[in-house]
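Report on the following structure.
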Amino acid sequence: MAEILTVDKACVYFSIYRGFPKKLVGQIKAVDNINLSIEKEETYGIVGESGSGKTTLAKAIMGINPLDHGSIYYRHEELNELRKRDKKFIYRKIQYIYQDPSSSLDPRKSVKDILMEPIKVHNLYPKEERLRVIGEILGAVDLPPSDFMSRYLANLSGGQKQRIAIARALLLHPDFLILDEPTSALDVSVQAKILELLDSLKKRLNLTYLVITHDLSVISNVTNRISIFYLGHTMEKGKTYDIFREPLHPYTKLLLSSIPIIAESEKKFKPSGVPTIEGEIPSFVNLPKGCRFSTRCPYVFDKCQSLEPEMKEVKGGHYVACHLY
Amino acid sequence: MDNRLLSIENLKISFDTSSGIARVVDGVNLELDRGEVVTLVGETGCGKSILLKSILRLLATPPSIIENRIVFEGVDLLSLEDSQFIKYRGSKISYIPQSPQESLVPVFTVREQFVDLLLFRGMKRVSRPTYYGMRSNKKVIGEITEKIIKLLRDVRISDENLVLDYYPFQLSGGMAQRVLIAMALSGNPSLILADEPTTALDVTIQKQITDMINDLRNKYKLSILYVTHNLGLAREISDRVYIMYAGKIVENGISTGIFNNPLHPYTKGLLSSVPKLSGEKFRGIEGTIPSYVGPPTGCRFNPRCPVAIKACSEKEPTMKEVEKNHFVSCYAYGGE
Amino acid sequence: MNGNPARERNQKKIKRIAASFGIGSNFIQNIKSETLRDRLYRFRKSKLSIIGLAMFLFFVVFAILSPFIVPYPKEVGAYVNFSQALRPVSLTHLFGTDEFGRDIFSRAFVGSRITIFVGLIIPIIGAVIGVPLGLIAGYVGGKVEAAIMRVTDVFLSIPPLIIAILVIGAMGHSMTSIIFGLSIDWWSWYVRMVHAETLSVKQQNYIEASRMLGTGRFRIIFSHILPNSVFPVIVKITLDMGYAILNVASLGFLGLGIYPPTPELGAMVAEGRLYLPAYWWVSFFPALIILLIILSINFIGDGMRDVLDVEVT
Chain A
1 MAEILTVDKA CVYFSIYRGF PKKLVGQIKA VDNINLSIEK EETYGIVGES
51 GSGKTTLAKA IMGINPLDHG SIYYRHEELN ELRKRDKKFI YRKIQYIYQD
101 PSSSLDPRKS VKDILMEPIK VHNLYPKEER LRVIGEILGA VDLPPSDFMS
151 RYLANLSGGQ KQRIAIARAL LLHPDFLILD EPTSALDVSV QAKILELLDS
201 LKKRLNLTYL VITHDLSVIS NVTNRISIFY LGHTMEKGKT YDIFREPLHP
251 YTKLLLSSIP IIAESEKKFK PSGVPTIEGE IPSFVNLPKG CRFSTRCPYV
301 FDKCQSLEPE MKEVKGGHYV ACHLY
Chain B
1001 MDNRLLSIEN LKISFDTSSG IARVVDGVNL ELDRGEVVTL VGETGCGKSI
1051 LLKSILRLLA TPPSIIENRI VFEGVDLLSL EDSQFIKYRG SKISYIPQSP
1101 QESLVPVFTV REQFVDLLLF RGMKRVSRPT YYGMRSNKKV IGEITEKIIK
1151 LLRDVRISDE NLVLDYYPFQ LSGGMAQRVL IAMALSGNPS LILADEPTTA
1201 LDVTIQKQIT DMINDLRNKY KLSILYVTHN LGLAREISDR VYIMYAGKIV
1251 ENGISTGIFN NPLHPYTKGL LSSVPKLSGE KFRGIEGTIP SYVGPPTGCR
1301 FNPRCPVAIK ACSEKEPTMK EVEKNHFVSC YAYGGE
Chain C
2001 MNGNPARERN QKKIKRIAAS FGIGSNFIQN IKSETLRDRL YRFRKSKLSI
2051 IGLAMFLFFV VFAILSPFIV PYPKEVGAYV NFSQALRPVS LTHLFGTDEF
2101 GRDIFSRAFV GSRITIFVGL IIPIIGAVIG VPLGLIAGYV GGKVEAAIMR
2151 VTDVFLSIPP LIIAILVIGA MGHSMTSIIF GLSIDWWSWY VRMVHAETLS
2201 VKQQNYIEAS RMLGTGRFRI IFSHILPNSV FPVIVKITLD MGYAILNVAS
2251 LGFLGLGIYP PTPELGAMVA EGRLYLPAYW WVSFFPALII LLIILSINFI
2301 GDGMRDVLDV EVT
């Protein structure tokens, strides 16, 4: 299958300045040397806790955060080197869905205005067709147009707002959607409905998804392949099935064993015998030397604290960055 | 000694709004025995946090109207004067909030906040000379600091002397939550109310905190009323579970009973909405939570219920014990 | 929805309490969603705002119609009748007469036309100039922001009355020069306020989302940031009207307003000063009208502040 998006050694640094006149005192390497390649029509997942750099990377793909090193290719186009006009065109094909729909939609606008914006910006349909198109897209996300067209956001529930956000993204006919924690602001009964909708849209419109989340039970159900992020590094990547059945990196094991489950029968899907560990996620300002996970790792040994592990392919398509392998 | 610590009897909380009376909590019965962990599970807007606030009298009245009884250690809390109630809040009943970093005062260090809490808890007002007198009494402060350090060790903060002089912004979310738990423990409470204490935290940290709460619970024989929307968490920490929907309890019982054999259609819907590791298909619940002004008549879940019958929209079914220690309010199980 | 004042008072409280519980929009939505109708309802229920609005409308309507309905329209301008000079309050002369024997009631209401007109127009001119500058400074940032904000700071540091005095000194006494003189300084406060609002609105996710959709700067500024930062501007315009009227009256009092014999409230107060305290009505009634107009505007402003739920300093 063909690749649709490739992230090649991407780095996003944020500089910290102090004092007057400003002096550079440090850099936060929020995304540090990340490689990814996403194939057409697959669902790729990025898993990580807060501060793992997953959203920073997504916004780098969207061109909001500039890359310091490396490059990102969309269908073999280098995104950072696009001219302004090409950029506007290419970014119609890549769309982004936020975690919290209440904050990503303008609260002063009606549903119609919100959906009209992308059409107007890109001057898409003839004027008399526009309303009909908006009606169709509302239907596609299961909201009856007659009911919702002129409503304001204050009168919508979280799930309905997220549907509007999805509709807005779809208006530009994208083939690649970045879903940044698409359901973590929603209740569990609504979450299932939204995931169902996203799945059916993907099949109907041949979309490719990049799902970013900290919720492992969601990601195990919706993705084909995943990367596990920790403090701006990839710890492990491979097929979702492989990683959930046989997690290799101690951090992945820890993550999996932390999921609260709702039935005894689920227990056999969690790695057993993972020692509980204490300690907080270190801050970017004083990263540990060597492996970034070494401060919390139960299997830590000398080498971990001095040398950063390289990414190694352990089995077909299953990569891990750990000295144990 | 009476084993019943808290019993909430037919509690009703309503808010007087411009579009009418909103009955946010409508006839809730809830019991909690000593040494028990009870979870109250429900989705956003079901009234679970309001219920918790009403126990601590944190709701301003008006606009809220609170009716009937909240009995704690044999005393009806709602009938107490404010001056008597102050003896309960924070000492006999303590509270762990949802967003830890917002719950500490940003301009004081952990030490200052902790010392003030231990010195002046339960006092209505403190005159300036008393305040500075007590704050500068080296002996008292020394004793208190020792106590604080012990508490911080209890919540597994390893570098407690360092943490004491931190400002809240220097603490991570997990660390701030530990400090707040230590504060909640400081008055030797008989009841702890926990309002989604791990929702704002990462999964691995959430695991650490819940493990710690479990250990503390065994060590101090704590009784905890735990509010959460996370079903997996509820299953792992609690003895008994109450499922709340739109201001009413629809099902309650011992934890294993609820999770192995859910009865109410809402509970079933909730459980089937959770994505499973086994890859089993998950589905949500149609519709949205109803408005509290003019809610559906009868069972409040009936407009969304897949098995609703005619009676459901006419009269609310009563609570019935279907199996031992497992109650449900639904016509499908003989509710009347 | 009728007749419960306690309910009305509690509206804001409920929202605030609900929000502080972190029970999110769902809950608030169930209790109450804030539509224009709700806001108007809240305004209607606030007694002071309604009194203010009624008073203000009365003055505006009366001022507009005054040439036709006052008892002595001829006595408003250049007119002398010393036999009637300095008559006290009576049924024929409701507010008494001045040193030239003119009816103060007629003069005061005709004179209020200028005061009200200038008072209304100045804050609007200020907002028209200041709001776009503030939006641009806040959104674009960098050197543009620095340039706009430093110039604004210069204007902020000069009291408006002083600039107005200078301008009137240079341009002569006329309505244009009063308006020009006051509005040349007035916009700077709007720049400050809108700049600060823009900085906070710009951080919101929906602005970033619009950027990702490919929306251009111009549309983001005027279609997203402006509507989301306009409420404080509206409240400030309302409150400023009172302040502007006071400034116009002050100019008149200092003799820098419209040349006599054209009536103007501030100038009338100044004329009467010579006859205090014996002939108090000459100063008192024009001053009372200034006071009532400003008071009514402040009542309206307070009501707006509640309705739109914003803080304006």
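Residue numbers (the numbering used here), protein chains in the order written: chain A, 1 to 325; chain B, 1001 to 1336; chain C, 2001 to 2313. Using N, Cα and C, we set each Cβ at its ideal position, and we do this for glycine too.
Whether residue i touches residue j by CB criterion (8 Å)
| i | j | result |
| --- | --- | --- |
| A/S331 | C/Y2206 | The question about residue 331 of chain A has no answer here: the residues shown for chain A are numbered 1 through 325. |
| C/P2263 | C/V2110 | yes |
| A/L179 | A/L210 | yes |
| B/E1112 | B/N1068 | no |
| A/G159 | A/K127 | no |
| C/L2116 | C/F2059 | According to the sequence as given, residue 2116 of chain C is Ile; it is not Leu. Yes, the Cβ-Cβ distance between C/I2116 and C/F2059 is below 8 Å. |
| A/S52 | A/G316 | no |
| A/R296 | A/G279 | yes |
| B/V1028 | B/K1248 | yes |
| A/I97 | A/A165 | yes |
| B/V1071 | B/G1047 | no |
| A/S333 | B/S1272 | Nothing about residue 333 of chain A can be reported from this structure: the residues present for chain A run from 1 to 325 only. |
| C/L2133 | C/V2235 | no |
| B/V1227 | B/A1194 | yes |
Simplified DSSP assignment, three categories, for residue i
| i | result |
| --- | --- |
| A/V121 | helix |
| B/K1012 | strand |
| A/C322 | coil |
| B/K1315 | coil |
| C/L2315 | Here chain C has residues from 2001 to 2313 only, and residue 2315 of chain C is not among them. |
| A/Q27 | strand |
| C/G2003 | With a pLDDT of only 36 at C/G2003, under the threshold of 50, the placement of this residue in the model should not be trusted; the figure read from the coordinates follows. Of the three classes helix, strand and coil, the one that applies to C/G2003 here is coil, per DSSP. |
| A/H76 | coil |
| A/A140 | helix |
| A/Y209 | strand |
| A/H233 | strand |
| A/N344 | In this structure chain A extends from 1 to 325, so residue 344 of chain A is not present and cannot be described. |
| A/R132 | helix |
| B/I1289 | coil |
| A/F293 | coil |
| A/I259 | coil |
Residue i to residue j span [Cα, whole Å]
| i | j | result |
| --- | --- | --- |
| A/I28 | A/I61 | 18 Å |
| B/F1108 | B/G1090 | 19 Å |
| A/R168 | B/Y1131 | 58 Å |
| C/I2168 | A/H122 | 51 Å |
| A/Q162 | B/D1016 | 30 Å |
| A/I38 | A/F89 | 20 Å |
| B/Y1088 | B/E1102 | 23 Å |
| A/E181 | A/D100 | 8 Å |
| A/K93 | A/H69 | 24 Å |
Nearest-angstrom beta carbon gap, residue j and residue i [assumed within contact, 8 Å]
| i | j | result |
| --- | --- | --- |
| B/V1274 | B/V1041 | That belief does not hold up - the Cβ atoms of B/V1274 and B/V1041 are roughly 12 Å apart, past 8 Å. |
| A/A58 | A/I212 | 6 Å |
| A/K237 | A/S257 | About 19 Å; that fails the 8 Å criterion. |
| A/Y299 | A/P250 | 5 Å |
| C/V2061 | C/S2106 | Actually they are not in contact, since the Cβ atoms of C/V2061 and C/S2106 sit about 16 Å apart, beyond 8 Å. |
| B/L1152 | B/E1143 | Not confirmed; about 15 Å, so no contact. |
| C/S2090 | C/G2303 | Going by Cβ atoms, the distance from C/S2090 to C/G2303 rounds to 37 Å, so no, they are not a contact pair. |
| C/S2049 | C/F2299 | 6 Å |
| B/P1306 | B/P1262 | The pair is not a contact, with the Cβ atoms about 14 Å apart (cut-off 8 Å). |
Residues bridged to residue i [DSSP beta-bridge criterion]
| i | result |
| --- | --- |
| C/T2097 | C/D2103 |
| B/N1252 | B/Y1242, B/F1327 |
| A/G238 | A/I226 |
| A/C11 | A/H69 |
| A/F176 | A/I94, A/T208 |
| B/K993 | Look at the range of chain B in this structure, 1001 to 1336, and you will see that residue 993 of chain B is not part of it. |
| B/K1087 | The partner list for B/K1087 (beta bridge, DSSP) is empty, contrary to what the question assumes. |
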